[in-house]
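Visitor:
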Amino acid sequence: MEISWVFIVFGSWLLALAFFLKIFNHPKRKLPPGPKPWPIIGNLNLLGSLPHESRECLPMLRNIGRLPYKYFSSVLELSDMEISWVFIVFGSWLLALAFVLKIFNHPKRKLPPGPKPWPIIGNLNLLGSLPHVSFHHLSQKYGDLMLLKFGSKPVLVASSPEMAKEILKTHDAIFASRPALAAGKYTSFNNSDMTWAPYGAHWRQARKIFMTHIFSPKRLDSLEYIRIEERQTLISRLFPHSGKPILLRDHLRRFTLRTISRLVMSDKYYSDDQSNSDALIITLETLQRMLDEWFLFGGVINIGDWVPWLSWFDLQGYVKRMKALGKNMTEFYKYVIEDHKAIKSQIEKEYVPKDMVDTLLHLADDPNLKVKLTSDSLMGLIHDLIAGGTDTSATTIEWAFQELLRRPNIMDKAHQELDRAIGKERWVEEEDFSKLPYIDAIIKETLRLHPLGALLPPRYSIEDCNVAGYDIPKGTNVFVNAWSLGRNSKYWDRAEEFIPERFIENNIDIKGQNFALLPFGSGRRRCPGYSLGMRLVRTTMANLLHGFNWKLTGDMRPEDISMEEIYGLTTHPKKPISVIMEPKLPLHLY
2 MEISWVFIVF
12 GSWLLALAFF
22 LKIFNHPKRK
32 LPPGPKPWPI
42 IGNLNLLGSL
52 PHESRECLPM
62 LRNIGRLPYK
72 YFSSVLELSD
82 MEISWVFIVF
92 GSWLLALAFV
102 LKIFNHPKRK
112 LPPGPKPWPI
122 IGNLNLLGSL
132 PHVSFHHLSQ
142 KYGDLMLLKF
152 GSKPVLVASS
162 PEMAKEILKT
172 HDAIFASRPA
182 LAAGKYTSFN
192 NSDMTWAPYG
202 AHWRQARKIF
212 MTHIFSPKRL
222 DSLEYIRIEE
232 RQTLISRLFP
242 HSGKPILLRD
252 HLRRFTLRTI
262 SRLVMSDKYY
272 SDDQSNSDAL
282 IITLETLQRM
292 LDEWFLFGGV
302 INIGDWVPWL
312 SWFDLQGYVK
322 RMKALGKNMT
332 EFYKYVIEDH
342 KAIKSQIEKE
352 YVPKDMVDTL
362 LHLADDPNLK
372 VKLTSDSLMG
382 LIHDLIAGGT
392 DTSATTIEWA
402 FQELLRRPNI
412 MDKAHQELDR
422 AIGKERWVEE
432 EDFSKLPYID
442 AIIKETLRLH
452 PLGALLPPRY
462 SIEDCNVAGY
472 DIPKGTNVFV
482 NAWSLGRNSK
492 YWDRAEEFIP
502 ERFIENNIDI
512 KGQNFALLPF
522 GSGRRRCPGY
532 SLGMRLVRTT
542 MANLLHGFNW
552 KLTGDMRPED
562 ISMEEIYGLT
572 THPKKPISVI
582 MEPKLPLHLY
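Remember, this note's numbering sits 1 above the position in the sequence shown when you count from 1.
Now the structure itself:
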């Protein structure tokens, strides 16, 4: 988010106002007359070389330059004494010496290059509305590893595959934690979810639960029927709109939210009916708005995070909105948990976990858990499951369609592959994907140019370390610019162009081993839901292309499609496109 100078000026004005109010709120006092004091030293320059002539001298020296001296009958009795300026100069010299020694007693560090920070705000003034683009341009000047200051806090930015590997593999354990930001505190149950939790026992246990019990291949296979049912519902909803303009984004978001919600907590807690006033049921629109705000706040540059003494003012109003969102999320997830517990208690002996919330509650009762799953932990993990699979999947498919509609020849190649491999009498299933390398290449090329997180969620160094010959102090915040990695001309030929064929010719990994392409991150913090997300994106993308022909509405031309972005924890197209579709399979399949 762009940092407006209005906030900075306003904050300074408030501090100045507080200072003057403190002065003028003192009651009016009638003080004895006396000479006008100098700044800092007061009237010490009026004292002579025989301070022992005054019994009042020592208490005065204890209050140098701060308290008014004692007056006698309008005449300062010691006015005939003068203290030599030598004392003042000598004292100033001692202070300067102490300051210099303090600086030079620190070991000399070799820090990465970066722009010179401003007082108070550091380099926050260099960030535009798209921080990943700002970082990319700065890296052209300062290099692939650069050090900035956000307020008073150091921020390291890695913009090349080599530097990403240093952070995410070579020194992964040191950079595995997260900074303490307002978003994690207020919208992620006090940093209790997987996204914002600091590196430690709770996070390690949560990741193990996700990988072993939630996202295992066997578990995902057992829930395939839900993905099939919801995919068919999407197609059935689209079919009546054939030949009419639609906003594809709306349908994709509804589909992914319905699918993930059923997988996580069943479909009994939300309603498609906006007019439903049941206080215990949330509409999909309300749930979607909550998720939209969560992704927004996860990516904003909140001034109070980086200039702590300004956090009290909440200059941008983000914290107030975060607290309101956190309250709504807590109410909803608490209801979901309590309802699942009630059902479990009624059928204790025959109880079998049906959804992911059931699985988490079952594990929470395990006495062998090293870290107890608290209410906040459960709510945080449930939210991770819902948020992690909805916005990311829908956004990837939307970006892919925007690229295909700009290049109809690529869409034609995709249709040809589907007709050859699948035919025209059935839909695409998850097991078919090995037969569709070109569709897979389209998705990978989309993730290269439009990574889910343009900046990987920030990391935080838990100890001093050396990266590529540079000294990185403990407590440094770290961003890996995934957007820059995908546009690195050293690794990608014609990097700015959409060319799926590059993935046909080379089997390029997207799971975190190829550091020129990190849509899901890498190392300990790699997205644990990668497998579910790719299943959802691949089959949905393939079936939308298989079932319909797509074109732009009205007089809109492919070159008119806007590829502008909106930044957040995930990066969306700024302007959703209006499209027209026509069925291309036998009507009985719809």
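All C-beta atoms in this analysis are idealised placements derived from N, C-alpha and C, irrespective of residue type, glycine included.
Can you find the residues in the same chain that come closer than 6 Å, C-beta to C-beta, to residue 64, ignoring five residues on each side of it along the sequence?
Guide: Here residue 64 refers to the residue found at position 63 when the sequence shown is read from its first residue. The predicted position of residue 64 is uncertain, since its pLDDT is 45 and thus under 50; a value taken from the coordinates is nonetheless stated next. Result list for residue 64: empty, nothing under 6 Å.
Visitor: Can you pull the DSSP bridge partners for residue 123?
Guide: Position 122 of the sequence shown holds residue 123. Answer by DSSP bridge pairing, in chain order: 119, 151.
Visitor: Within the chosen definition, does the stretch 158 to 169 reach the stretch 141 to 149 through at least 3 CB pairs nearer than 8 Å?
Guide: A contact exists between the stretch 158 to 169 and the stretch 141 to 149.
Visitor: Is it right to say residue 126 is buried, meaning 16 or more other beta carbons lie within 10 angstroms of its own, or is it exposed?
Guide: Numbered from 1 along the sequence shown, position 125 holds the residue referred to as residue 126. Looking at its Cβ environment, which holds fewer than 16 other Cβ atoms inside 10 Å, residue 126 is exposed.
Visitor: Out of 169, 411, 124, 409, which one is the CA nearest neighbour of residue 151?
Guide: By one-based count along the sequence shown, residue 151 stands at place 150. Checking every option, the nearest Cα to that of residue 151 belongs to 124.
Visitor: I need the DSSP call for residue 263, collapsed to helix, strand or coil.
Guide: Locating residue 263 in the sequence shown gives position 262, counting from the first residue. Helix.
Visitor: Judging by CA-CA distance, which residue of 460, 446, 476 is the nearest neighbour of residue 488?
Guide: The residue given as residue 488 occupies position 487 in the sequence shown. Comparing Cα-Cα distances from residue 488 to each of 460, 446, 476, the minimum goes to 446.
Visitor: Between the alpha carbons of residue 332 and residue 282, how many angstroms are there, rounded?
Guide: Counting from one through the sequence shown, the residue named residue 332 turns up at place 331. Counting from one through the sequence shown, the residue named residue 282 turns up at place 281. C-alpha separation (whole angstroms): 12 Å.
Visitor: Sorted by chain position, which residues of the same chain lie with C-beta nearer than 6 Å to residue 187's C-beta, five sequence neighbours on each side aside?
Guide: Here the question's residue 187 lines up with position 186 in the sequence shown. Result list for residue 187: 323, 324, 327, in chain order.
Visitor: Checking 9 Å against the spacing of the C-beta atoms, do residue 297 and residue 255 come in under that value?
Guide: Working through the sequence shown from its first residue, we reach residue 297 at position 296. Working through the sequence shown from its first residue, we reach residue 255 at position 254. Contact flag unset, no.
Visitor: Could you check whether residue 218 and residue 435 sit closer than 9 Å to each other, using their CB atoms as the reference points?
Guide: For the purposes of this step, residue 435 is identified with residue 434 of the sequence shown, where counting begins at 1. For the purposes of this step, residue 218 is identified with residue 217 of the sequence shown, where counting begins at 1. Result no, Cβ atoms of residue 435 and residue 218 do not sit closer than 9 Å.
Visitor: Any chance you could list the beta strand (DSSP E) runs of at least 3 consecutive residues sitting entirely within the stretch 128 to 195, in chain order?
Guide: Qualifying beta strand (DSSP E) stretches, in chain order: 146 to 151, 154 to 159.
Visitor: From the DSSP output, in three-state form, read off residue 339 for me.
Guide: Taking the first residue of the sequence shown as position 1, residue 339 is located at position 338. Correct three-state label for residue 339: helix.
Visitor: Give the list of continuous alpha helix (DSSP H) stretches no shorter than 4 residues that lie fully inside the stretch 425 to 452.
Guide: Entirely contained in the stretch 425 to 452, the alpha helix (DSSP H) runs reaching 4 residues are, in chain order, 438 to 450.
Visitor: How many angstroms separate the CA atom of residue 485 from the CA atom of residue 591?
Guide: Position 484 of the sequence shown, counted from the start, is the residue given in the question as residue 485. Position 590 of the sequence shown, counted from the start, is the residue given in the question as residue 591. Cα-Cα distance, rounded: 41 Å.
Visitor: Give the straight-line distance between the Cα atoms of residue 169 and residue 176, rounded to the nearest whole angstrom.
Guide: Taking the first residue of the sequence shown as 1, we reach residue 169 at position 168. Taking the first residue of the sequence shown as 1, we reach residue 176 at position 175. If I take the Cα positions, the gap works out to 7 Å.
Visitor: Does residue 334 pass the burial test, meaning 16 or more other C-beta atoms within 10 Å, or should it be called exposed?
Guide: Within the sequence shown, numbered from 1, the residue matching residue 334 stands at position 333. Its Cβ being crowded by 16 or more others within 10 Å, residue 334 is buried.
Visitor: Distance check for residue 31 and residue 74, CA to CA, integer angstroms please.
Guide: The residue you call residue 74 lines up with position 73 of the sequence shown. The residue you call residue 31 lines up with position 30 of the sequence shown. Note that residue 74 has pLDDT 34, beneath the 50 cutoff, so the model's placement of it is unreliable and the number below is only indicative. C-alpha separation (whole angstroms): 14 Å.
Visitor: Does residue 271 come out as helix, strand or coil in the three-state DSSP assignment?
Guide: Along the sequence shown, read from residue 1 onward, the residue named residue 271 stands at position 270. The answer is strand: DSSP assigns residue 271 an E or B state.
Visitor: Let's test the definition: count the other Cβ atoms within 10 Å of the Cβ of residue 34 and tell me whether it reaches 16, buried, or not, exposed.
Guide: Here residue 34 refers to the residue found at position 33 when the sequence shown is read from its first residue. Looking at its Cβ environment, which holds fewer than 16 other Cβ atoms inside 10 Å, residue 34 is exposed.
Visitor: For residue 516, which of helix, strand or coil comes out of DSSP?
Guide: Taking the first residue of the sequence shown as 1, we reach residue 516 at position 515. DSSP places residue 516 in coil when its eight states are reduced to three.
Visitor: Mapping the DSSP letters down to three states, classify residue 575 as helix, strand or coil.
Guide: As a working note, residue 575 is residue 574 in the sequence shown. The answer is coil: DSSP assigns residue 575 none of H, G, I, E or B.
Visitor: Between the alpha carbons of residue 56 and residue 38, how many angstroms are there, rounded?
Guide: Numbered from 1 along the sequence shown, position 55 holds the residue referred to as residue 56. Numbered from 1 along the sequence shown, position 37 holds the residue referred to as residue 38. Interpretation of residue 56 is limited by its pLDDT of 42, a score under 50 that renders its predicted location unreliable; the figure taken from the coordinates is listed afterwards. About 21 Å.
Visitor: Return the residue from the list 220, 465, 547 that minimises the CA-CA distance to residue 478.
Guide: The sequence position of residue 478 within the sequence shown is 477, counting from 1. Among 220, 465, 547, the Cα nearest to that of residue 478 belongs to 465.
Visitor: Since residue 207 contacts residue 382 with CB under 8 Å, what's their CB separation in whole angstroms?
Guide: In the sequence shown, the residue the question calls residue 207 occupies position 206. In the sequence shown, the residue the question calls residue 382 occupies position 381. Residue 207 to residue 382, Cβ: 6 Å. Contact.
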